[in-house]
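J.: For the sequence shown, our numbering puts the final residue at 392, and the numbers step up evenly by one. All C-beta atoms, glycine included, are put in the ideal place defined by N, C-alpha and C.
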Amino acid sequence: MPNLSVELLPGHKRGLSFSNPVMTASGTFGNGLDYAKIFDIQRLGAIVSKAITLRPRQGNAQPRIIETAAGMLNSIGLQNIGVDAILRDIAPVWATWRVPVIANIAGESIAHYAELARRLDGAPGVSGIEINVSCPNVENGLEFGTDPRSASDLTYAVRRETDLPLLVKLGPNVTDIVGIAAAAADAGADGLTLINTFPAMRIDIQARRPTLGWGSGGLSGPALKPIALRIVYQVARSLDIPIVGCGGIVSAEDAIEFMMAGATAVQVGTATFRNPQAPLDIIDGLEEFMQREQILAVREIIGAALPAQRESQTNNAGGVAAGHGPQSDGAITGRALRPG
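1. Classify Arg289 as helix, strand or coil using the three-state DSSP reduction.
2. Apart from the five residues on each side of it in sequence, which residues of its chain come closer than 6 Å, Cβ to Cβ, to Glu340?
3. In three-state DSSP terms, what is Phe341?
4. Hey, which unbroken runs of the beta strand (DSSP E) at 3 residues or more fall wholly within the stretch 78 to 161?
5. Could you tell me which residues DSSP puts in a beta bridge with Met75?
6. Go through its chain and collect everything with a Cβ distance to Tyr285's Cβ below 8 Å, but skip five positions before and after it.
7. By a C-beta neighbour count over all protein chains shown, 10 Å radius and 16 as the cutoff for buried, is Ile90 buried or exposed?
8. Could you check what DSSP says for Thr245 in three-state terms: helix, strand or coil?
9. My understanding is that Pro144 touches Gly180, with C-beta atoms under 8 Å, so please give their C-beta distance in whole angstroms.
10. Taking all protein chains shown into account, do 16 or more other C-beta atoms lie within 10 angstroms of the C-beta of Met53, making it buried, or fewer, making it exposed?
11. Count Cβ pairs between the stretch 273 to 281 and the stretch 198 to 213 that sit closer than 8 Å; are there 3 or more?
12. Taking the beta carbon of Leu219 as the centre, do at least 16 other beta carbons fall within 10 Å, making it buried, or is it exposed?
13. For Leu130 and Asp336, I'd like the C-alpha separation in whole angstroms.
14. Which value, in whole angstroms, describes the spacing of the CA atoms of Gly297 and Ala166?
15. The beta strand (DSSP E) spanning Gly270 covers which residue range?
16. Taking only runs of the beta strand (DSSP E) that begin and end inside the stretch 156 to 241, which ones reach a length of at least 3 residues, in chain order?
17. Check whether the stretch 86 to 105 and the stretch 117 to 124 are in contact - that is, three or more C-beta pairs closer than 8 Å.
18. Sorted by chain position, which residues of the same chain lie with C-beta nearer than 8 Å to Leu338's C-beta, five sequence neighbours on each side aside?
19. Spell out the partners DSSP gives Arg261 in its beta bridges.
20. Going by beta carbon distance, what residues of the same chain come within less than 8 Å of Tyr208, once the five residues before and after it are set aside?
21. Quick one: using the 10 Å Cβ neighbour count with 16 as the cut-off for buried, is Gly371 buried or exposed?
22. Relative to the C-alpha of Val226, which candidate in Gln258, Gln343, Ser290 and Phe250 has its C-alpha closest?
23. Quick one: residues in its chain with C-beta nearer than 8 Å to the C-beta of Pro391, no 5 flanking neighbours on either side, listed in chain order?
24. Could you check the C-alpha separation between Ala158 and Gln110 for me, to the nearest Å?
25. So, helix, strand or coil for Ile295, using DSSP?
26. Secondary structure at Ala356, three-state DSSP: helix, strand or coil?
27. Give every residue of the same chain whose Cβ lies closer than 6 Å to the Cβ of Asn156, excluding the five residues on either side of it in the sequence, and list them in chain order.
28. Helix, strand or coil for Pro251, going by three-state DSSP, please let me know.
29. Which value, in whole angstroms, describes the spacing of the CA atoms of Ser290 and Gln258?
30. Express the C-alpha separation of Ile128 and Val418 in angstroms, rounding to a whole number.
31. DSSP beta-bridge partners for Phe70?
32. Can you determine whether any heavy atom of the ligand GDP sits closer than 6 Å to the C-beta of Ala137, and answer yes or no?
33. Starting from Ala304, trace the alpha helix (DSSP H) both ways and give me its first and last residue.
34. Roughly how many whole angstroms lie between the Cα atoms of Ile142 and Ala360?
Dropping the structure here:
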C-alpha cells in the first residue's frame, strides 16, 4: 500500500504529522462536529476550523452564498460563536478525535489576533493555528495580507504568543505574493496556506443591485483553481517553506496538481457543498493514482513539476530511479516516481 502520510512542518519543534495530505478548508466544514455524524472524519489528514474571533459575530446580511459559473461567491462575514464558546464547548470534542485540528483565527487588529493566539495556545484539541490575513485592519481599512509589512507585523505578533505550528493563509489579490509570503516566513510562519478566495461580485439585473447582501464576496471553486495553482508554483519556486494548496480542488487530480506544484498538503473547501464526502473521495483517488503510477510514498509527488525536480528526474533517467536518492532538506521533499 502506498504511504500517504506527510510531515507538514518538519522545521517546527513539534512538527505537524498527517496520515494523508488532504485537509478541509476553513469556512466550509464548520467546526467538524456535524460532519462527524455522517462519515469518519478521522480519515482526514487534518481539519481547519471555521474562523474564530474574540467575540461572537452574527455575520453579514443575507443572501450570503450564491452560485456562479464554475464556483460560488460567499460573504459570510466571519459568523462564529467566538473563542470563549470554542474553548468551552468545541475544543474538548476536538481533543477526543484522532485527527489534527487547526484553529483558523481572524481579527480586526493585531491585538485581536495576538489575544486569540494566546487563548488558543495549549488548548485541548488544538494542534495548530492558521492566520486568516484577509481581514480589514480597523486602524487603516486595509487587509492585513496586502503588503509585506502588515503581513510581517501580524505574523510576528501571533508568533510571540504561541509555540503552536503556525500557518499564514494569504489572499491572491496582491501585486507581490512572493514578497508577502517571504515576509510572513521571516516573521515566524512555519508554513503558508495558498490561497484564500478572490474578491468578486454578481448583479441581479431585475433588482438592479448586487446579488449578495453585502454587495461583494469571495470567489471559490473550480474557477479559482488555475490562479491558486500558479501562486503555489510561484511561491514554491522562490521560497523554502511548506505550502498548503487551496482553491478549487474538487478531485484527486486537482490535489495531485497542487502537490506537484510544490504543496505538501491541500485543503478541500467548496467541493464539500456539493459532496460532503469529497475529501474522502480525493484521498481514495490519490491512493489509486499512486498505486497505478507505482509511487511508494506521497512525498515523491511533492514538487515534481518544479524545475529543480524535473532536472533531477532527467538526470536520474539512466541511473537510480527518481525518488530513491537522498532527500533535500528544503521545502521540496520528493519527486514523482515513474514506472520503468
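T.: Checking against the coordinates, here is how it stands:
1. helix
2. none
3. helix
4. 117 to 120, 123 to 126 and 153 to 157
5. Ala98 and Gln319
6. Ala313, Gly314, Ala357 and Leu358
7. exposed
8. strand
9. Contact doesn't hold; Cβ gap of about 18 Å is too wide.
10. exposed
11. no
12. buried
13. 32 Å
14. 25 Å
15. Gly269 to Ser272
16. 180 to 184 and 218 to 222
17. no
18. Leu56, Asn72, Pro73, Val74, Ala304, Ala307, Ile308 and Val350
19. Asp256
20. Ala239 and Gly240
21. Caution is warranted here: a pLDDT of 38 is assigned to Gly371, below 50, making its placement in the model unreliable, and no coordinate value can be reported.
22. Phe250
23. In this prediction, Pro391 has a pLDDT of 31, which is less than 50 and means its spatial position is unreliable; nothing more can be read from the coordinates.
24. 14 Å
25. strand
26. coil
27. Ser78, Val100, Ser101, Ala103, Glu182 and Asn184
28. strand
29. 47 Å
30. Only positions 53 to 392 of the chain appear in the structure, and residue 418 is not among them; the question remains open.
31. Val58
32. Annotation note on the ligand GDP: not contained in the displayed structure, which lists no ligands.
33. Ala304 to Met312
34. 43 Å
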